[in-house]
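Quick note, the sequences are listed as chains A and B, same order. Everything in the first sequence is counted per the numbering used here, starting at 2 for the first residue and increasing by one. Everything in the second sequence is counted per the numbering used here, starting at 280 for the first residue and increasing by one. Reviewing the structure listed below.
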Amino acid sequence: MRNYAFLISMPVLTLTVRADDLQTITITTPPGQMKYDLPVIKAPPGSQMKLVFQNNDAMPHNIVFCLPKTEGGNDKGLEVAMEAWKLAEKGEAKAWIPEHPRIWAHSGLVGAHQKQELVVKIPDQPGTYPYVCTFPGHAMAMNGELRVLAEGPGFQSLNFKLFMGDWVKMPDFSTLKPHREGPLNTKKLDLKLEGMSEHFGVQFDGVVETQEEGNYQFALSSDDGSRLYVDGRQIINDDGIHPANDLKLGRVRLGKGPHTVRVDYFEQTGDEQIYLAWSGPKFSETALSKWIHPSRQSGGDIQAEERRNRGIPLAPENGEAMIYRNSISGCSPRGIAVGYPNGVNICFDADQMSQALMWRGAFIDARQHWTDRGGGDTQPLGFNVIKPGGEGQGMAVLADASAPWPKKQERAEGIDFLGYRIDKKSFPTFRYRMGDLQVEEHYEPAGDYKTSDERFTRVLKLKGSAPQNFFIRAAAGGMKPEGSGWKNDKGYAVGVSGGEALLRHNNELLVRPAFANGSAEVRIACTWLNQ
Amino acid sequence: MFRALLVLPCAVGVFAAEKPKESDYYPIQNIPNPDKFVLEVGAIEHTPDGTIYAATRRGEVYRVTGADGPDVSTAKISQFAKGMHECLGAAWKDGALYVQQRPELTRLVDEDGDGRADVYDTVSDHWGLSGDYHEYAFSSRPDKTGKIWSVFCLTGSFTSNVLWRGWAVTTTPDGKTSPACCGIRSPGGIGFNAEGDVFYTDNQGPWNGSSSLKWLKPGSFQGHPDGMRWYSVAKDLKKPIRPIDNGRMVKERERNPLLVPPAVMLPHGRVGQSPTAIVCDTTNGKFGPFKNQLFVGDQCYSNIARVFLEKIDGLYQGVVFPWVEGFGSGTIGMDLTPSGHMFAGGSDRGWGARGGKPYNFDRLTWTGKVPFEILEMRTQPDGFTLVFTQPVDKSAAGKTDGYKMEAWTWAFREEYGGPEVDAVKPVVKAAEVSADGLKVRLRIEGLVKGHVHYLKSTGVRSAEGLPLLHADAYYTLNNIPAADRD
C-alpha cells in the first residue's frame, strides 16, 4: 500500500496564471457525448502541467483530479463525485466541488463552449490518478486517468560499428568491414564517433532490460536512413534520404528480462541526426539517444502522443451553425455538412443537389481531414444517421409520374450548384439552377436536443417554370403512409406541404411542387422517430 | 540530408566576423496571432487598401489589417470565412475574394460589412472530384484577360480518374471554365511573371525527374500523359503525341511540338523538394533589387528560392538561386504587396517540413540594404553573362578558377523521379569583367542544350570584399542563343 498522506496536505491548485513555457495538455469535451476526449493522460512525476480544459459541449462540466482510493483500486473518482451530489442546492455555487481529501486539483464549472486554464503540479508519486466531472450525473461516463510515469531504463550496454561509404539506401552492414568498432560508454546512440559528418553508417547493438512483460513502444527519427530491430525482428524501417522530421513509431510485446536492440543508420550528406526512445507500461518515453528530437525536447512525449489520439470535434458555437465541407461518408465528395445549434445536422450534396444525410447529436470530427494528409471519408460524429436523399440527384424531370428516377451520375444532369449565402446565424441557403428554374434551399431547425425533440424542415423555394413531371425527391425509399405523412422504418418521419406528394411503387416519396405565379415553396418536415 | 545552402568555404576564415546573413536583408517577421488560429496557410492575397487575406488548408480565410505597413506587430487578425474545403488559391477582384476550394472556385463577399463573408457564390465547379486526398486544386489571380487559372493534381498524384485531373483550366468572371493545358502531375502553386504569362510549379515524380517551374503556354502539353484522356472533351485543343518513356526532354520536345519543357528545373534536394507558390516582384524596387523576378516557395525545405527568366527562341528558361530559408513551417501560400511586403505561410501537415512547426504565417520586409547577389544570369552563345547587384572586385571576379560548373539532366520517364544523369563538367575559359564591375561575361566550353548548368561562384567578391550571399545558381538551358545578347 502506498502512502499518499504527504499529498493530502498539498494545497489545492486552481491557478490561472499564464505560463506558456509549461507542458500543455488540452482536454476537451466533444459535444453531446458526455465524455472527455482524452481518457488517459500521462505526465512525469513532480512536473508542472498547464491544463487547458475546453468545454465544447452544450452542458457545463468540470474536471476534478483525485488521489487514488485509499483502499486501492481505481474507482474512477466516483467516491468524490457522489460527495458532490450531496451538495444539492449548494452545489452550483461551489462549482460542484465538494470538500474531500482525495481532491488535489480541479477546474471551476466551465460553461458551454467556454474554457479554463489551470496549472497543475503533478504528484511526485508514480501511480494512476482518476479525473472526473463531478457535475451530478456525469461521473459514470465522464472520467479518465492521469498516469504519472517515471522515466524508464536506458541501455545496459551499447556497442557501435562505424562504416564508411556513400549510400542512398541502407547497406547490408554484415557484408562490410567496419572502419572502427567498440563500446559507447555514454550508453546513448551518438553519431559524433569520429567527427564524420558525411558518407558514413553506424550499426548500434545494445541491450535493454524490462521489469515486466507488456507492450513497449519505440520511437525513431533519423537523418538520413535508419532501421530498428528488437530481438532480431525489424520494428521500424525509416530507410532512405530524408530529414529527421517525422517520428516513426513501432510497438512490440516484450517479456520480462534483457532484449537486444539493433539500430542500423547511414548518412549521405548534410545534416545527421538520430533519435531513439522507448516507453513501457510503467514508464514514459525515455530517450536512448544523445540527440533529442525537437518534438520531444520539452515535456516528453505527452503532447504529440495525445494530439494523435485526440479528435478535432467541430460544434456550433455562439448560437451559429457550423459548416464543414469535405469527404463525408454517405455523400459525394462535394458534401456540405451543417450543424445547427439545436443538435440537428444535415449534409447537402452539392453534386446531386439532394439531402444526403441527417443526424442528431455531435456534428463532425475534423481529425480525419485536418491531421496528416487528410485522406478518406469521415463519419458523422452523432447518431441516428439517416440518408434521406438516397443515390442520385435530388430533383428531376421524368417522362411521366411512374418513370424510374434517373440513375446516379457523377454530376447531376443539368443542375448547376450556385453556392450559398449565410444569414446572421450562419444558417446557409443553398442555391442551384436547373435550366430556367432557380432553387433556394434552406433548413429550419426546431426543438432541441436537450428536450430530445430536435427536428427540422427542409424548405425549397423555386422560381421559374417547370415541366409537368418535374419532381423533388423527398425520400429515396422505405416510406410508408403514417397519419397525414409518411414514415420510414430506418427511423424518421416526413410531412410534405407546398406540393403534391406521390408515394411510388418502390416506396420513394416524390413531391410535385405547386407553382403559383412562377414560384413554389415546398416544405419537407423531418423528425427522427426514436425520440 | 543535403542542405539547400552550403557554407561558403572560402569565406569562412576571412569574413567570419561580418559574414552577411539573409536576415540582414530580408528578416522573417511573424504575423501576430494572439487568438492562436490554426493558420495552415494555403494562399495569400492583398487588397488595394493593404488588407491581407490568408486562406487555409482547413478551409478558413483570415483577414489581416495593419500588416502591410511599417510595423507588423500592430497587425490584427480575424476570421473572415470558414467551412470551406481546403483553400489553395485566393484572388481579390472587384470587392470580392475568389477562393479556390477543392471542389469549386468560390466568390466570397461580406455584404453586411460585419467583417465576415456571408456570400459563398460558386463561380465554377466544372471539374471532377473522386474524393482522393491528393486531388489538390490551386488557382491564380486573374490574368491579363480577367480569367482565373486553376491547376488540378492527378488523382493520387498518379492518374487522371476524373475530369480535368492533370490539367490547367481557365474560368471567366461569368463562370465559364475551359481547358487550357494538359500534362500536369502534382502542382504546388500557380502565378504570373511580369509579362503576365502563367507559370506553375510541378513536383518530382513520374515524368518529372525533378520538381520544376513550368510555363503554362495556352494549349501546351506539360509532359505527364495521364490527363490526355480528356482531349476527348477538350475538342478545341490539339492533342500531343504520347511521350516515349525514358527519353530526354530535349529530344522529346522536338518530336512532340506541343510539349513545353520546364522553364526552370528546381533541382530536387538542392534548392528544395516540394515547390509551391510563385510571386513576381513588380514593386519597382520597393522590395529590393530583384525587379520583375519570380520567387518560388518550397514546402519541404521551408524556404523561398529566386528565379530569373528569359525567353530564348520562343521558350522560357532561366536560373534559380537559393534565396531565404528558415520559415517556421512549409511554405505554401505567398503574396508580394505593391508596398513591398512579401507574405509567406504554410504547414507541414502530411509531408513534413524543415521549419518544424505545424504552420506559419510570416512577412518578409526588405531592410533597404542591397545584398551582394548574382542579380541575373543570362545565356550567351558561348556561356553566360552574370549581372551583380553591386560592383565586383574585378581581380577576384576575373579569375576563371573562382567559378565551377557542372551540368546534368534527368531522364524523362514514367518511373518516379530519377537521378541526375548525363553529367558533364563545362569549363570556364574566360571571365571578363565589365568596366563598371557589374557584369562578368563567362566564356564556357561544353554547354549542353537541355541540361541544368550549375554554377558555383565561390571566388567572386564584391568591391567591398563581401562574398556572394548565395554562390549557387542553377540555369536550365532549354535553348542556346545563336547570337550575342545584351
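The beta-carbon is built from N, C-alpha and C at its ideal position, and this holds for glycine as well.
Asked	Found
For Q235(A), the first and last residue of its enclosing beta strand (DSSP E)	234–239
Residue range of the unbroken alpha helix (DSSP H) whose run includes A476(A)	Per DSSP, A476(A) belongs to no alpha helix (DSSP H); it is in the beta strand (DSSP E), 471–476.
Under 8 angstroms between C-beta atoms of N766(B) and L318(B)	In the structure as shown, chain B starts at 280 and stops at 765, and residue 766(B) therefore has no counterpart that could be examined.
Interface residues of chain A facing I409(B) [CB-CB closer than 8 angstroms]	According to the sequence shown, residue 409(B) is Ser rather than Ile. Going along chain A in sequence order, the residues near S409(B) (Cβ under 8 angstroms) are P334.
In DSSP terms, what I780(B) is bridged to	The requested residue 780(B) is not part of the displayed model; chain B covers only 280 to 765.
From G445(B), G502(B), V343(B), residue whose alpha carbon lies closest to that of V320(B)	V343(B)
Chain-ordered neighbours of D453(B) on chain A, where CB pairs are closer than 8 angstroms	Those within 8 angstroms of D453(B) in chain A number zero; the least Cβ separation is about 12 angstroms.
Interface positions of the segment 371–392 of chain B facing chain A (Cβ-Cβ less than 9 angstroms), listed along the chain	Q380, R381, P382, E383, T385, R386, E390, D391
Beta carbon of G548(B) nearer than 8 angstroms to that of W645(B)	no
In DSSP terms, what E685(B) is bridged to	Y733(B)
Extent of the continuous alpha helix (DSSP H) to which H370(A) belongs	368–371
Where M83(A) falls: helix, strand or coil (DSSP)	helix
Selection from F267(A), R234(A), L277(A) that minimises the alpha carbon distance to T261(A)	R234(A)
Bridge partner(s) assigned by DSSP for C559(B)	L573(B)
Neighbour flag for K491(A) against chain B, beta carbons, 8 angstroms	no
Minimum Cβ-Cβ distance from V343(B) to chain A less than 8 angstroms	no
Distance, G605(B) Cα to K464(A) Cα	56 angstroms
Burial state of R337(B) (16 or more Cβ within 10 Å)	buried
Rounded straight-line distance, which links the Cα of A521(A) to that of K462(A)	6 angstroms
Exposure label - N310(A); buried when at least 16 CB within 10 Å	Because the pLDDT of N310(A) is 48, which lies under 50, any placement of that residue in the model is unreliable, and the question is left without a value.
G729(B): contacting residues in chain A (beta-carbon distance under 9 angstroms)	Within chain A, no residue comes near G729(B); the closest Cβ sits about 25 angstroms away, beyond 9 angstroms.
Inter-residue CB distance, N160(A) and D125(A) (contact presumed, cutoff 8 angstroms)	In fact, because the Cβ distance is near 36 angstroms, the residues do not count as touching under 8 angstroms.
Option in D352(A), N489(A), D454(A), R505(A) with minimal Cα separation from D401(A)	R505(A)
Same chain, Cβ closer than 6 angstroms to M396(A), neighbours up to 5 away in sequence not counted	I473
Under 8 angstroms from the C-beta of D373(A): neighbouring residues of chain B	R628, G629
Neighbouring residues, chain A, relative to R337(B) (Cβ below 7 angstroms)	W371
N346(A) beta carbon less than 8 angstroms from that of P381(A)	yes
Cutoff 8 angstroms; reference F316(B); Cβ partners in own chain excluding five residues on either side	E339, Y341, I356, Q358
A676(B): first and last residue of the uninterrupted alpha helix (DSSP H) it sits in	673–676
Identity of the residue in F663(B), A714(B), V543(B), A632(B) nearest A232(B) by Cα	In the structure as shown, chain B starts at 280 and stops at 765, and residue 232(B) therefore has no counterpart that could be examined.
Beta carbon proximity, K422(A) to chain B, threshold 8 angstroms	Checking the displayed sequence, the identity of residue 422(A) turns out to be Arg instead of Lys. Closer than 8 angstroms: yes.
Chain A contact for G362(B) (CB, 8 angstroms cutoff)	yes
Residues that P131(A) bridges to, as DSSP identifies them	E146(A)
Short CB-CB distance (under 8 angstroms) between R326(A) and chain B	yes
Spatial distance of Y580(B) from Y754(B) (CA atoms)	20 angstroms
Proximity below 8 angstroms, CB of P458(B) to CB of C432(B)	no
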